[in-house]
Each structure stands twice: as structure tokens, then as C-alpha cells.
Amino acid sequence: MIITIARECGCDGDKIGEKLAEHFSIPFYNKKKIQKIAEKSDAFGRFPTFFGEKETSDFLEAIAMDMDSDVIRSIPKKAMKAVIIEPQGVLIGRCGNYVYNEQAIKVFLSGDKKKRVQAIKEKHGCTEREAARLVDKTDEKRSAYHNYYTGQEWGQAGNYDLCLDETALGVDGVVKMICTYIELVAAKRG
Numbered sequence: 004m005i006i007t008i009a010r011e012c013g014c015d016g017d018k019i020g021e022k023l024a025e026h027f028s029i030p031f032y033n034k035k036k037i038q039k040i041a042e043k044s045d046a047f048g049r050f051p052t053f054f055g056e057k058e059t060s061d062f063l064e065a066i067a068m069d070m071d072s073d074v075i076r077s078i079p080k081k082a083m084k085a086v087i088i089e090p091q092g093v094l095i096g097r098c099g100n101y102v103y104n105e106q107a108i109k110v111f112l113s114g115d116k117k118k119r120v121q122a123i124k125e126k127h128g129c130t131e132r133e134a135a136r137l138v139d140k141t142d143e144k145r146s147a148y149h150n151y152y153t154g155q156e157w158g159q160a161g162n163y164d165l166c167l168d169e170t171a172l173g174v175d176g177v178v179k180m181i182c183t184y185i186e187l188v189a190a191k192r193g
């Protein structure tokens, strides 16, 4: 089983992913873990901007190499499949819903912006203004990255199985909802 989680900044995606991985006894992959695995293989060298979340560099590289959109859209699949050999685990970000579209339970986490800003303020010990800037900048970067590599609109409900408000449900509520969804889908499939 693979569960992919895309999220707005301040929605505790890593905490939720770690709890799901523990619950289902499957690996947990976030940006840092994926980068470490990629650096140990040749994948990071082949796809440095994908693993570094810098869409601008890839855009310029694509122009220079005269890449068409099909070539660009193939990068996430090639990069992730070079790093995660067996598609099993909880994957945070990295265009996971696109890469593992047919195999995954695809989740998008969103939430009330004021609550997300407050969560970032507490996490980083910064001012509310700095936290708000970080939330906006991170969300813009994630959206641009996802849209560039997939051609899909980041956060668009049709690209996910579940869209949940983490600020309303909390970490444990989101984990419970995802587990319940997985159980219901498994029961329906027989």
C-alpha cells in the first residue's frame, strides 16, 4: 500500500504521515528521507532539481534542452521510481499523487490559514508576519513545483481521493479519517 500526502504549509503532514506509517507498518518518506536515498544512488545526480524542489531551474533547463511537456511530466515518475523501488509506504509531497496515481491512496491536507500561520509561528518561534510569509511562500513553491512537473493543479480535489481540513480535525482526526477510508475501500473491493 502507498499513501501519498500533499499538503498546505502548517498542516502537520509529517506527523500525520509518520502516524500512518506506524499504524500500517510501512515506510515513511518525506523530502529529507527521499533526498538521502537519492543522494546514495545516482538518482539525485540525474534529477537534482526535482529532488531539490526548484521548478525554475528545470524550466530553464527544459528550454535549453528543448524538452516538451511529455518529457517534463516523465521526470517525477522516473525520479521517484529510481528511489522507491517497491511502491509501499507513506510519501509526503514529491508529486506522489501523480507518480503513483493508480496504486495510491491520495490525500490532500488543507486548513484555515490563520490556524496554519499560528502552527508555523509556534513551530519556528517566529513572528506572525514571518510565519504568514513562510506559509504563503511555501504554498506558492509547492503549487508551482507540482503544477510544473505534473500539469495538474495542486490541491484540486479531483486529483486526490481525500481532501481533509487538518485544522478542523487535528492530526489524530486526520489519521483516523484516512484509516477509516482505507478500511471502507478495502471492504468494498472485497
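Numbering (this note's numbering) for the sequence shown: 4 to 193. Even for Gly, the Cβ is constructed at its ideal location relative to N, Cα and C.
To the nearest angstrom, how far is the alpha carbon of residue i from that of residue j?
i	j	result
Pro141	Gly13	The question names Pro, but residue 141 in the sequence shown is Thr. Distance between the alpha carbons of Thr141 and Gly13: 10 Å.
Met83	Arg97	8 Å
Gly176	Val102	26 Å
Thr59	Lys191	Summary for Thr59: the model assigns pLDDT 47, below 50, so the residue's position carries little reliability; its value from the coordinates is reported in the next sentence. Looking at the two C-alpha atoms, the distance is approximately 43 Å.
Glu105	Gln91	13 Å
Ile8	Leu187	19 Å
Ile185	Ile95	17 Å
Ser72	Ala107	24 Å
Asn150	Leu137	20 Å
Glu125	Leu167	22 Å
Gln155	Leu165	16 Å
Lys43	Gly193	40 Å
Phe27	Glu89	16 Å
Gln121	Asp139	13 Å
Leu63	Thr153	Summary for Leu63: the model assigns pLDDT 47, below 50, so the residue's position carries little reliability; its value from the coordinates is reported in the next sentence. So the two alpha carbons sit approximately 17 Å from each other.
Ile66	Ala134	Residue placement at Ile66 cannot be trusted, given a pLDDT of 47 that sits under 50; the coordinates are not used to answer.
Ser183	Asp17	Note on identity: in this sequence residue 183 is Thr, with Ser being the wrong assignment. Roughly 19 Å between the two C-alpha positions.
Ala147	Val178	27 Å
Arg10	Gly55	17 Å
Pro51	Glu143	20 Å
Out of the options, state which residue places its alpha-carbon closest to the alpha-carbon of residue i.
i	options	result
Arg119	Ile5, Asp15, Leu167	Asp15
Ile87	Gln121, Pro30, Ser72	Pro30
Arg145	Ala134, Glu42, Trp157, Glu89	Trp157
Tyr32	Ala147, Lys179, Val93, Gly55	Val93
Ala160	Asn100, Gly55, Pro51	Asn100
Ala41	Ala147, Ile123, Ala85	Ala85
Can you name the residues that DSSP bridges to residue i?
i	result
Leu167	Leu112
Ala9	Phe111
Ile95	Ile8
Phe47	Answer is none; Phe47 lacks a bridge partner.
Tyr32	Leu94
Since I believe residue j is in contact with residue i (beta carbons under 8 Å), could you give me their beta-carbon distance rounded to a whole number of angstroms?
i	j	result
Tyr163	Lys109	4 Å
Phe53	Ile78	5 Å
Ile5	Ile181	The Cβ separation is near 13 Å, so there is no contact.
Meets three-Cβ-pair contact criterion under 8 Å: the stretch 105-121 and the stretch 167-181: Segments in contact, yes.
Cβ contact check for the stretch 46-54 and the stretch 9-25: 3 or more pairs under 8 Å: Between the stretch 46-54 and the stretch 9-25 there are fewer than three C-beta pairs closer than 8 Å, too few to call the two in contact.
Given 8 Å, three or more beta-carbon pairs between the stretch 24-38 and the stretch 129-136: The stretch 24-38, when compared against the stretch 129-136, does not touch it at the 8 Å Cβ threshold.
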